[in-house]
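Protein sequence lines, in the order shown, are assigned to chains A and B. For what it's worth, the numbering used here labels the leading residue of the first sequence as -14, then goes sequentially. For what it's worth, the numbering used here labels the leading residue of the second sequence as -14, then goes sequentially. Glycine residues also receive a C-beta, built at the ideal position from the N, C-alpha and C atoms. Remember, predicted model here, so these are calculated numbers, not experimental data. All remarks here apply to the structure that follows.
There are 2 protein chains.
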Amino acid sequence: MPREITGFSNPLVKQVKSLRDKKHRRAEGLFLAEGLRILTEALEAGIAPRMLWHAPETAGHPLLEKLAHATEAAGGEVFVTSTDILSKLSGKDNPGAVIGVYPEMLTPLAALDRTAAGIWLVAERLRDPGNLGTILRTGDAVGAGGLILIDDCTDPFSVEAVRASMGAIFTQKVSTARWPDFLDWLRSGPGQLVGTSLNTENDYQDPHYEAPTFLLIGNESQGLPEAYERECDLLVKMPMLGKADSLNAAMATAVMAYEVLNQRRPR
Amino acid sequence: MPREITGFSNPLVKQVKSLRDKKHRRAEGLFLAEGLRILTEALEAGIAPRMLWHAPETAGHPLLEKLAHATEAAGGEVFVTSTDILSKLSGKDNPGAVIGVYPEMLTPLAALDRTAAGIWLVAERLRDPGNLGTILRTGDAVGAGGLILIDDCTDPFSVEAVRASMGAIFTQKVSTARWPDFLDWLRSGPGQLVGTSLNTENDYQDPHYEAPTFLLIGNESQGLPEAYERECDLLVKMPMLGKADSLNAAMATAVMAYEVLNQRRPR
């Protein structure tokens, strides 16, 4: 049975709300996801929330009932609360009627099975949580194995990144690594490291990409450091006809990832 | 010579700050852009700001000097102010040292030269300013003519949309139209209307796209209305291998637009 929580000052409300801050997420190893659609994606990936919060109006919705059942079956707790408190928890006017609290799941590099997928996404000093979440979502769409975050990236478990991932935070493996450790791991097995860069004349449609392909995306405003480009097996660039001579990092990732996918899919 | 403004209560500070709200932008026909890079893109597109605001520290920077000169030559005004006031104007901690105030530039459909470009982007009920700006930036990269916003879209002149466009708001034509008016205009001349949809089996790499191609993107969460899909000359879908069966609207636009571009570029 769900527990009813009515007060803003309830310590659980404070605890959950605190997960909007990275410091508290890290301390508790927990993060927030919102919305029936995203929580249902998580469940389909076999992941139930530790806590499930919903408004009384949502009770009876078949997806919610399924989530509530799975939460309790997995030893978690279900809470019914007001939409005002839900808004406070999520920082959004309309928090999509339901909030889940999940354990942060980072996969150590050594535990990644690189041969499980033909494409892996690797992002370096990615700053924008919307870009990070969108890249996860693109990874899900192209059947990537996961996203490896190099050096200091924005937090993949922020409310904004999780929201932009549309559930892919639960289906894609996420790893973090410093550059030298990533390189050591990469070179210990098969894998083609492909960087997108403006410092090359190689058209991105010319090479034959070899699986597993590791697509390396640089920081939004600076691109990849030269030393990192030198470690790539291949540098490619997309044609740019415009004035700005740049693409958003998440766009470049999508265009590259679909090229790799297109080379391999049956047509 | 730049005019110095030191007080937060200066009416000009209040006026410029008010442009962060759509209501005031509409009333004044003005919008804000930030950062030397974006303002320089604007200048290269032949557009000088009505007002140019910068911090004393930025004086002497060659790009700023060029902007200041162009602003005054075009009859605009240059203001020197504190970084605190700049932050207040932009709503950002670090507003990129310079802010420009520009006249909103919408192009009526009837004034678009559809044969001037092979690709046009058309977005329907786009809600997210970051997506809108990113789509403008993608349009610039693929050499699109502009972006046509159908029905109720988020404001292309919001600070977030302008920022995400990275200057493409100045290089791409932007039009707004209700759907029936857009269709009337579209059908009055050449043009292939291509919708991305999950309700089709047509692979996006199969058709030969005809110029000018109008790529129609639907609302982020609902996609295109069925009635709008029925008006398309062609519906296509991208392969999706993942669990979520969706791509971010801006990602889908980028992947589609590069397919059209790739079909036409010399290889």
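Residue from A/Ala59, A/Leu52, A/Ile84, A/Tyr243 whose Cα sits closest to the Cα of A/Gly67: The amino acid at residue 67 of chain A is misidentified as Gly; the sequence shows Ser. Nearest C-alpha to A/Ser67: A/Ile84.
Interface flag, B/Lys228 vs chain A, CB-CB below 8 Å: yes
Element boundaries [beta strand (DSSP E), containing B/Thr185]: Taken as a continuous stretch (DSSP letters only), B/Thr185 belongs to no beta strand (DSSP E), as it is neither H nor E.
Distance CB(B/Ala53)-CB(B/Leu37) smaller than 8 Å: yes
Minimum C-alpha distance to B/Leu246 - residue among B/Pro141, B/Gln190, B/Pro210: B/Gln190
Any chain B beta carbon closer than 8 Å to A/Ser231: yes
Classification of A/Met(-14) by the beta-carbon crowding that lies within 10 angstroms, buried from 16 upward: exposed
Residue range of the beta strand (DSSP E) that includes B/Gly131: 131 to 135
Positions along the segment 186 to 201 of chain A whose CB lies within less than 7 Å of some CB in chain B: Gln190
Residue span of the beta strand (DSSP E) that contains A/Thr66, given as start and end: 62 to 66
Backbone secondary structure at A/Glu195 - three-state DSSP: coil
Bridge partners - A/Glu(-11), DSSP secondary structure assignment: A/Val65
Pick from B/Gly103, B/Ile154, B/Arg249 that is closest to B/Asp116, judged by C-alpha positions: Inspection of the sequence shows that residue 116 of chain B is occupied by Asn rather than by Asp. For the residues B/Gly103, B/Ile154, B/Arg249, the minimum Cα distance to B/Asn116 belongs to B/Ile154.
Status (buried if at least 16 other CB within 10 Å, exposed otherwise) for A/Ala(-11): Note that residue -11 of chain A corresponds to Glu in the displayed sequence, not to Ala. Exposed: under 16 other Cβ atoms inside 10 Å.
Short CB-CB distance (under 8 Å) between A/Asn204 and chain B: no
B/Ile32: first and last residue of the uninterrupted beta strand (DSSP E) it sits in: Where B/Ile32 is concerned, there is no enclosing beta strand (DSSP E), given that its DSSP letter is neither H nor E.
Cβ of B/Leu246 within 8 Å of any chain A Cβ: yes
Secondary structure of A/His39, DSSP reduced to three states: strand
A/Val240: contacting residues in chain B (beta-carbon distance under 8 Å): Ala239, Val240, Tyr243
Start and end residues, alpha helix (DSSP H) containing A/Ser143: It is not in any alpha helix (DSSP H) - A/Ser143 carries neither H nor E in the DSSP assignment.
Range of the contiguous beta strand (DSSP E) that encloses A/Leu52: Looking at the DSSP string, A/Leu52 is not in any beta strand (DSSP E); the run it does join, the alpha helix (DSSP H), is 47 to 58.
Residues from the segment 121 to 136 of chain B in contact with chain A, defined by Cβ distance under 8 Å: Arg122, Thr123, Gly124, Asp125, Ala126, Val127, Gly128
A/Gly31 to A/Met90 span [Cα, whole Å]: 13 Å
Interface residues of chain A facing B/Met90 [CB-CB closer than 7 Å]: Here the premise fails: no neighbours, minimum Cβ distance about 16 Å.
Touch test, the segment 102 to 115 of chain A against the segment 230 to 243 of chain A, Cβ-Cβ under 8 Å, three pairs minimum: yes
Interface residues of the segment 44 to 59 of chain A facing chain B [CB-CB below 7 Å]: none
A/Glu19 versus A/Val63 - alpha carbon distance: 14 Å
Strand pairing of A/Phe16, partner residues [DSSP]: A/Tyr87
Identity of the residue in B/Val(-2), B/Glu26, B/Asp137 nearest B/Val147 by Cα: B/Glu26
Same chain, Cβ closer than 7 Å to B/Phe(-7), five either side skipped, listed in chain order: Ile70, Lys73
Per-residue contacts from B/Pro224 into chain A (C-beta, under 7 Å): Leu246, Arg250
Three CB pairs or more closer than 8 Å across the segment 210 to 227 of chain A and the segment 178 to 189 of chain A: yes
Residues of the segment 3 to 31 of chain B with Cβ closer than 8 Å to any Cβ of chain A, in chain order: Glu26, Glu29, Ala30
Cβ shell of A/Phe199 (< 6 Å), same chain only, five flanking positions each side left out: Trp105, Val107, Gly176, Leu178
DSSP three-state assignment for A/Asn116, whether helix, strand or coil: helix
Per-residue DSSP class, three states only, for B/Gln207: coil
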